[in-house]
Amino acid sequence: MSMKEQFEEALRGKAWEWGVVSTGDLIFSPELHKACEQNVCGNYNKNWGCPPGNGTLEELKAKILAFPKAMVFTTKYDLEDSFDFEGMEVAGEAHRKLTVEMMERFGKTNPVYGAGCCTVCKECSYPEPCRFPGKAVSAVEAAGISVGDLSRTAGVKYNNGESTVTYFSMLLFNE
């Protein structure tokens, strides 16, 4: 069974959509990475899955391009309305669980990038050494990859309709 088929089997019934992209087709945005440096989300210099802990844009790009393919997968959740932040948090946690599951199953040989900062630990040890380096998940957008661009490249929907939220992760592989 190919890696793609193994990923699909692991995602079936858990992910909303998935698609494969050539990493050479990914668009790396210095501006997006700079948003991290400006601490837009509040995790800069606080989490191993975010800059500067997970590396420079050049280092992240090199790590990603070392693999020819990426399996992009999404989860979609219905919300009560577009202001249902509690629902978004619950959905985000469910997506992170799937991302960690994929990391635990495939991450030794296939790096995984997720939605938002790493949440493997309740409180990140940064800047002290990571307690679980084999489980740490970097953010897709912290690598300078726009989720909107990624969705178009992978052929998966970015917007799944009113009162929904969609989260993205990607898994790198060689075949």
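Position one of the sequence shown corresponds to residue 1121 (the working numbering), numbered consecutively onward. In this text, a Cβ means the ideal position worked out from N, Cα and C, and glycines have one as well.
- Here D1198 is bridged, per DSSP, to T1284.
- DSSP lists V1140 and L1291 as the beta-bridge partner residues of M1191.
- Three or more beta-carbon pairs separated by less than 8 Å link the region 1184-1204 to the region 1278-1295, which places the two stretches in contact.
- An exposed status is given to A1186, since fewer than 16 other beta-carbon atoms sit within 10 Å of its beta-carbon.
- Under the DSSP assignment, V1232 falls in the beta strand (DSSP E) whose first and last residues are V1232 to G1234.
- The three-state secondary structure of A1259, taken from DSSP, is strand.
- Look at the beta carbons and you see the region 1215-1223 not touching the region 1164-1178: under three pairs across the two are nearer than 8 Å.
- Here F1226 carries a helix assignment [DSSP, helix/strand/coil].
- In the three-state scheme derived from DSSP, where H, G and I count as helix and E and B as strand, F1127 is classed as helix.
- Taking W1136 as the centre and dropping the five residues before and after it, the same chain places the C-beta of T1194, T1195 and K1196 closer than 6 Å to its C-beta, in chain order.
- Secondary structure at F1148: strand, using DSSP grouped into helix, strand and coil.
- The criterion of a C-beta distance shorter than 8 Å is not satisfied by Y1246 and W1138.
- Beyond the five residues adjoining it in sequence on each side, H1153 comes within less than 6 Å, by CB distance, of L1177 and G1264 in the same chain, given in chain order.
- Note that the C-beta distance between L1270 and V1285 is not below 8 Å.
- About 7 Å separates the beta carbon of S1283 from that of E1200, a gap short enough to meet the 8 Å contact definition.
- When C1161, P1231 and V1276 are compared, the shortest CA-CA separation from V1140 is found for V1276.
- DSSP links I1265 through a beta bridge to F1148.
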